Amino acid sequence: MKFKSILIIISISLSGCTGILDDDDDDDGFLDDVDSFPNDPDEWSDNDGDGIGDNEDKDDDNDGYEDLIEMDCFTDPLNLSSIPLDNDGDSICDPIDEDIDGDELPNSWEILHGFDPYDATDKLVCHDESRYCLRAYDDFTFAETHNSFSTVEDGVWMAVNHMTSLEAQWNGGIRAFMLDTHHLSKEETTESDVRFCHGDPNSDFLHPCSYSEVNAHLWLDKLHSLMNNSTGDVVTILLENYIPANHLSSLFNHSGLLELAYIHDAHSPWPTLGEMIISGKRLVIFWDWQFDQEYPWLHHAWTHSWDTPYGENDQSEMSCKLGRGDQNQPVWHLNNWLSSIYGFADPVRSKQVNEYETLLQRTLECWEENNNRPTFIAVDFWEDGELTNVTKSINNLNHWSDNQSDINSK
14 MKFKSILIII SISLSGCTGI LDDDDDDDGF LDDVDSFPND PDEWSDNDGD
64 GIGDNEDKDD DNDGYEDLIE MDCFTDPLNL SSIPLDNDGD SICDPIDEDI
114 DGDELPNSWE ILHGFDPYDA TDKLVCHDES RYCLRAYDDF TFAETHNSFS
164 TVEDGVWMAV NHMTSLEAQW NGGIRAFMLD THHLSKEETT ESDVRFCHGD
214 PNSDFLHPCS YSEVNAHLWL DKLHSLMNNS TGDVVTILLE NYIPANHLSS
264 LFNHSGLLEL AYIHDAHSPW PTLGEMIISG KRLVIFWDWQ FDQEYPWLHH
314 AWTHSWDTPY GENDQSEMSC KLGRGDQNQP VWHLNNWLSS IYGFADPVRS
364 KQVNEYETLL QRTLECWEEN NNRPTFIAVD FWEDGELTNV TKSINNLNHW
414 SDNQSDINSK
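The numbering of the sequence shown is the working numbering, which starts it at 14 and goes up by one.
Given below as structure tokens:
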């Protein structure tokens, strides 16, 4: 009997049919009775029982997170109850998510500025979007009105530039204002006589304030109130000035705006909108006089910025070239208004040049030509056309060459 058994074993061996005696058929180092895939040398376990071996299976515990991601997230890829923490539900686990709460502000930025990176409600909002808080002042485009005070609502009846006054402009999204500061007349030149008027007081024609004037004190008081009620906005004023600097200082001090005035070093980069808002210095004032060390918050416009030509007679004459200032500066004004045959603002053609596609395409062309987004787009009759929609679209782009489908997708 022993002899027959030996012969059977020898016969099986010679025939190559040794499997019935082999405890590890696929030679993978795992015995058949513990090998989930005894005939597959590349697989031996199936942690989640889904019929896919763990080596091939990218999610061994079937918890919805791939194994490599779980290892990055410091959770166990073989334990169904060990699931990565994902505070904002964006499928990026907290340990590797640069924005844990999904509020568009990086964790490091929130911690630096005293916000909770785990709380989406604890955040800063700049110009209606948290992501804009990370943008530098010169990397954002503001809607601007030319001769902002010269409106029908303000009682101006000659050479009107807009129909609606400051509050309507503010509510419409305007955050940059071109203003002309004068004394009420050649005889009335005290600090209390400061007015917004339009024209040259040295001309042989009537004094600019003789046919229309707006009380600068009341206008700036209103601006201060609007800024206090909307703490997430950076505001800019460009002054065409005809009064002494100390009268301007008194004007801005009495309105309360002086305490909000930012002071910029021409040799330093511009801060982010978020930094300006957090610091409380969120009003930038430019004027057309030279720098005065006694009033460092009055920035000489054409040292710190530049603009394009303005008041052309025909739309075809509009260009992206240098008008005034230093074109090496990153802050600049895209002037976008035409003059009538009488030299005044043209309400009919304003609607044409302020039309969405026209203004958008001109802005993109000038951005491309100057390799820098315009900081301001200034218009007459802002109510006609879509100035603020254009600035919103431009701010949705990181570069002029971005796909324009991105304009309204963010």
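Quick reminder that beta carbons are idealized off the backbone N, C-alpha and C, glycines included.
Just so we're clear, the structure is a prediction, and the values are computed from it rather than from any experiment.
The beta strand (DSSP E) that contains E157, what's its start and end? If you number the sequence shown from 1, residue 157 lands on position 144. Taken as a continuous stretch (DSSP letters only), the beta strand (DSSP E) holding E157 covers F155 to T158.
Can you check DSSP and say which residues form a bridge with R208? Translated into the one-based positions of the sequence shown, residue 208 becomes position 195. Paired residue(s): H195 and N228.
Just to check my reading of the structure: H237 and S262 have Cβ atoms closer than 8 angstroms, yes? What is that Cβ distance to the nearest angstrom? The residue labelled residue 237 in the question sits at position 224 within the sequence shown. The residue labelled residue 262 in the question sits at position 249 within the sequence shown. Not quite, the Cβ-Cβ distance comes to about 15 angstroms (not below 8 angstroms), so this is no contact.
Excluding five sequence neighbours on each side, which residues of the same chain lie with their C-beta closer than 7 angstroms to the C-beta of D114? As a position in the sequence shown, residue 114 is number 101, starting the count at 1. These residues qualify, in order along the chain: N100, D101, P130, Y131, D132 and A133.
Residue ranges of each beta strand (DSSP E) within the region 352-394, 3 or longer: DSSP runs (the beta strand (DSSP E)) wholly in the region 352-394: 389-392.
State the Cα-Cα distance for the pair D141 and S161, rounded to the nearest angstrom. Position 128 of the sequence shown, counting from 1, holds the residue named residue 141. Position 148 of the sequence shown, counting from 1, holds the residue named residue 161. The C-alpha of S161 is placed about 22 angstroms away from the C-alpha of D141.
Using the Cα positions of K334 and P322, report the straight-line distance between them to the nearest angstrom. As a position in the sequence shown, residue 334 is number 321, starting the count at 1. As a position in the sequence shown, residue 322 is number 309, starting the count at 1. Taking the straight line joining both Cα atoms gives about 7 angstroms.
Could you check what DSSP says for D70 in three-state terms: helix, strand or coil? In the sequence shown, residue 70 corresponds to position 57, counting from 1. Coil.
Looking at chain B, is there any beta carbon in it that lies within less than 9 angstroms of the beta carbon of S143? Reference to chain B is not applicable here, since this structure consists of a single protein chain.
T401 lies in the alpha helix (DSSP H); which residues open and close that run? Within the sequence shown, the letter at position 388 stands for residue 401. L400 to N408 is the span of the alpha helix (DSSP H), which, as asked, contains T401.
State buried or exposed for M240, treating a residue as buried only when at least 16 other CB atoms are found within 10 Å of its CB. Working through the sequence shown from its first residue, we reach residue 240 at position 227. By the neighbour-count rule (16 or more Cβ atoms within 10 Å), M240 is buried.
Please name the residue in L81, Q342 and S292 whose C-alpha comes closest to that of G127. Against the sequence shown, residue 127 aligns to sequence position 114. That would be S292, whose Cα lies nearest to the Cα of G127.
Once DSSP output is grouped into helix, strand and coil, what is the label at T249? Locating residue 249 in the sequence shown gives position 236, where the first residue counts as 1. For T249, the secondary structure class from DSSP, reduced to helix, strand or coil, is strand.
Can you tell me the Cβ-Cβ gap for A274 and I298, rounded? I've got them flagged as a contact below 8 angstroms. The residue given as residue 274 occupies position 261 in the sequence shown. The residue given as residue 298 occupies position 285 in the sequence shown. Right, the Cβ-Cβ distance comes to about 6 angstroms (below 8 angstroms), so this counts as a contact.
Cβ neighbour criterion (16 or more within 10 Å) applied to L98: Working through the sequence shown from its first residue, we reach residue 98 at position 85. Taking every protein chain shown into account, the CB of L98 has fewer than 16 other CB atoms within 10 angstroms, so this residue is exposed.
Are P284 and A172 closer than 9 angstroms when you measure CB to CB? As a first step, residue 284 must be located in the sequence shown, where it is residue number 271. As a first step, residue 172 must be located in the sequence shown, where it is residue number 159. Their beta carbons are not under 9 angstroms apart, which means P284 does not touch A172 by this criterion.
Find the nearest neighbour of F389 within the set G356, E396 and N349, judged by alpha-carbon distance. Working through the sequence shown from its first residue, we reach residue 389 at position 376. Checking every option, the nearest Cα to that of F389 belongs to N349.
Out of curiosity, what's the CA-to-CA distance linking Q374 and D85? Within the sequence shown, numbered from 1, the residue matching residue 374 stands at position 361. Within the sequence shown, numbered from 1, the residue matching residue 85 stands at position 72. Going by the C-alpha atoms only, they are around 45 angstroms apart.
May I have the straight-line CA-CA distance separating S406 from F87, to the nearest angstrom? The sequence position of residue 406 within the sequence shown is 393, counting from 1. The sequence position of residue 87 within the sequence shown is 74, counting from 1. In a straight line, the C-alpha of S406 is about 41 angstroms away from that of F87.
Three CB pairs or more closer than 8 angstroms across the region 351-364 and the region 378-385: Touching, no, given that fewer than three Cβ pairs across the two stretches are closer than 8 angstroms.
Out of curiosity, what's the CA-to-CA distance linking F155 and T404? The residue you call residue 155 lines up with position 142 of the sequence shown. The residue you call residue 404 lines up with position 391 of the sequence shown. Roughly 6 angstroms separates the two Cα atoms.
Given this structure, state the Cα-to-Cα distance separating E226 from V169, to the nearest angstrom. For this step, residue 226 is matched to residue 213 along the sequence shown. For this step, residue 169 is matched to residue 156 along the sequence shown. Using only the alpha carbons, I get a separation of about 7 angstroms.
Residue environment, V361, which counts as buried when at least 16 other CB atoms sit within 10 Å: Here residue 361 refers to the residue found at position 348 of the sequence shown. Exposed.
Among residues of its own chain, excluding the 5 on either side of W57, which ones have a beta-carbon nearer than 7 angstroms to its beta-carbon? Here residue 57 corresponds to residue number 44 of the sequence shown, with the count starting at 1. Within the same chain, W57 has close Cβ partners D41, F43, D48, S49 and F50.
With distance defined between alpha-carbon atoms, name the residue in N254, E288 and D110 nearest to L192. Mapped onto the sequence shown, residue 192 falls at position 179. Residue nearest to L192 within the set N254, E288 and D110 is N254 (criterion: CA-CA distance).
Closest by CA to L377, which one among E69, Q328 and N416? The residue you call residue 377 lines up with position 364 of the sequence shown. Here the closest residue by C-alpha is N416.
Looking at the structure shown, is N184 part of a helix, part of a strand, or coil, going by DSSP? Stepping through the sequence shown from its first residue, residue 184 is reached at position 171. Three-state DSSP puts N184 in a helix.
Taking all protein chains shown into account, decide if V248 is buried (16 or more other Cβ within 10 angstroms of its Cβ) or exposed. For the purposes of this step, residue 248 is taken as the residue at position 235 of the sequence shown. Of the other Cβ atoms in all chains shown, 16 or more fall within 10 Å of the Cβ of V248; this residue is therefore buried.
Following the continuous alpha helix (DSSP H) through W300, name the residue where it begins and the one where it ends. The sequence position of residue 300 within the sequence shown is 287, counting from 1. Unbroken run through W300 is the beta strand (DSSP E), L296 to W300; no alpha helix (DSSP H).
W122: first and last residue of the uninterrupted alpha helix (DSSP H) it sits in: Residue numbering aside, residue 122 sits at position 109 when the sequence shown is read from its first letter. N120 to L125 is the extent of the alpha helix (DSSP H) around W122.
So is D67 buried or exposed if we call it buried at 16+ other beta carbons inside 10 Å? If you number the sequence shown from 1, residue 67 lands on position 54. With 16 or more neighbouring CB atoms inside 10 Å of its own CB, D67 falls in the buried class.
Below 8 angstroms on the Cβ atoms is my contact criterion, and I expect K235 with E200 to pass it. Report the Cβ-Cβ distance as a whole number of Å. By one-based count along the sequence shown, residue 235 stands at place 222. By one-based count along the sequence shown, residue 200 stands at place 187. In fact, because the Cβ distance is near 28 angstroms, the residues do not count as touching under 8 angstroms.
If you follow the beta strand (DSSP E) that N348 is part of, which residue opens it and which one closes it? Taking the first residue of the sequence shown as position 1, residue 348 is located at position 335. Annotation for N348: the continuous beta strand (DSSP E) segment containing it runs W345 to N348.
Using only the alpha-carbon positions, how far apart do E110 and I96 sit? In the sequence shown, counting from the first residue as 1, residue 110 sits at position 97. In the sequence shown, counting from the first residue as 1, residue 96 sits at position 83. Correcting the residue type first, residue 110 is Asp in the shown sequence and not Glu. Each residue's alpha carbon lies about 15 angstroms from the other.
Contacting residues, own chain, Cβ-Cβ under 7 angstroms from D45 (five flanking each side not counted): As a first step, residue 45 is located in the sequence shown; it is residue number 32 there, counting from the start. If the five residues before and after D45 are omitted, its C-beta is found closer than 7 angstroms to the C-beta atoms of D36, D37, D38 and P51, all from its own chain and listed in chain order.
Neighbourhood of G186 by C-beta, 6 angstroms cutoff - its chain only, sequence neighbours within 5 removed: Locating residue 186 in the sequence shown gives position 173, where the first residue counts as 1. If we look at G186 and ignore the five residues flanking it on each side, its Cβ neighbours are A156 and T401.
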